[in-house]
Structure formats: structure tokens, C-alpha cells
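Numbering (my numbering), first residue to last: -10 to 109.
Here's the structure, in C-alpha cells; my notes come after.
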Amino acid sequence: MSQPLQRTGECHSCGECCKTVNMTVVRDVTLQQHGSLEELELYLSYRGIRVVGSDEKSNQLHYSMDVPCSELTPDNQCRVHDSPKKPLICLRFPSSKEDVEDTPNCGYNFQAVRHKISNQ
Ligand code: SF4
Ligand code: SF4
């Protein structure tokens, strides 16, 4: 059984998570359409899309593309922070270890929860 992870750290406004859009697609169907991973990568590269992950077990491919959010200011502040216009995914980010894998400079980490041992 996997150990529960707890989020630690804080946002230091690097803005990295606001500059890309990540997508997940069905791996086997997509590779069948394109013939191979290399062919798919070539096709997507002309559109500025990178394949950043390929998981045979979950049958998923992960894409990333550089599309900065229109609500990000030049000094990496969110214009809709603390407002109902802030998207849910932004409010929750990062919600898992996988979320910060592509943003190594993120101020958040995920660490295993330590359980206290009772003496009673
Ligand atoms: S809405 Fe705010 S937090 Fe969400 S991506 Fe845009 S700038 Fe970043
Ligand atoms: S990548 Fe992490 S530290 Fe940087 S803006 Fe996003 S949440 Fe904040």
C-alpha cells in the first residue's frame, strides 16, 4: 500500500505553473494513429507541444505546451487571486507529487506522513 503524502512548503511566485498547459491522452490509440512515439513527437513539435511522459501501465501519454495564462502579470502575480474567477485547479495546485514533477523549482513538496507512535 502506498504511503499517504502531505504537502509542505509554500508558493514563492515563480510563475512556472502558470506558463504551460498539460494534457493527458490515451496512449495506445494515439500511437496507433501516428505509427510510433517518434512520429507523434515530430508531429506535435511543429505545434510547440512536447510529450513529457509515456505510461504504458495506465495507457496514458502526457503533453505539455507553453501557453502562458492571460491572468499572469509580468511579475508573476495572479490577477484573479482571491477572487471567484480563480480556476479550481489553480486553487488546488499542486495537489499531488506528479503536479510538481515538471516544475522542479516549485516551493511545494510532498513528503510521507509520519505517524506518532503511542506509548500507551
Ligand atoms: S488563473 Fe492565476 S493561478 Fe491560474 S494559471 Fe492563471 S495566473 Fe496562474
Ligand atoms: S510552480 Fe509552485 S512556487 Fe511556482 S508559482 Fe506555481 S505553485 Fe508557486
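Heads up, the beta-carbon is just placed ideally off N, CA and C, and yes, glycines get one too.
Only a predicted model underlies this, so the values are computations on that prediction, with no experimental measurement involved.
Next on the checklist: Classify P83: buried if its beta carbon has 16 or more other beta carbons within 10 angstroms, exposed otherwise.
Outcome noted: buried
Checklist entry - At a cut-off of 7 Å, is E(-1) close to ligand 1 when judged by its beta-carbon and the heavy atoms of the ligand? => result no
Checklist entry - Does DSSP put Y35 in a helix, in a strand, or in coil? => result coil
Next on the checklist: Can you list, in chain order, the residues of its chain with a C-beta nearer than 8 Å to that of G37? Leave out the 5 residues immediately preceding and following it.
Outcome noted: M54, D55
Checklist entry - What is the DSSP secondary structure of C110, reduced to helix, strand or coil? => result Outside the shown range of the chain (-10 to 109) lies residue 110, about which nothing can therefore be said.
Item to check | Euclidean distance between Cα positions of R16 and E30 | outcome: 13 Å
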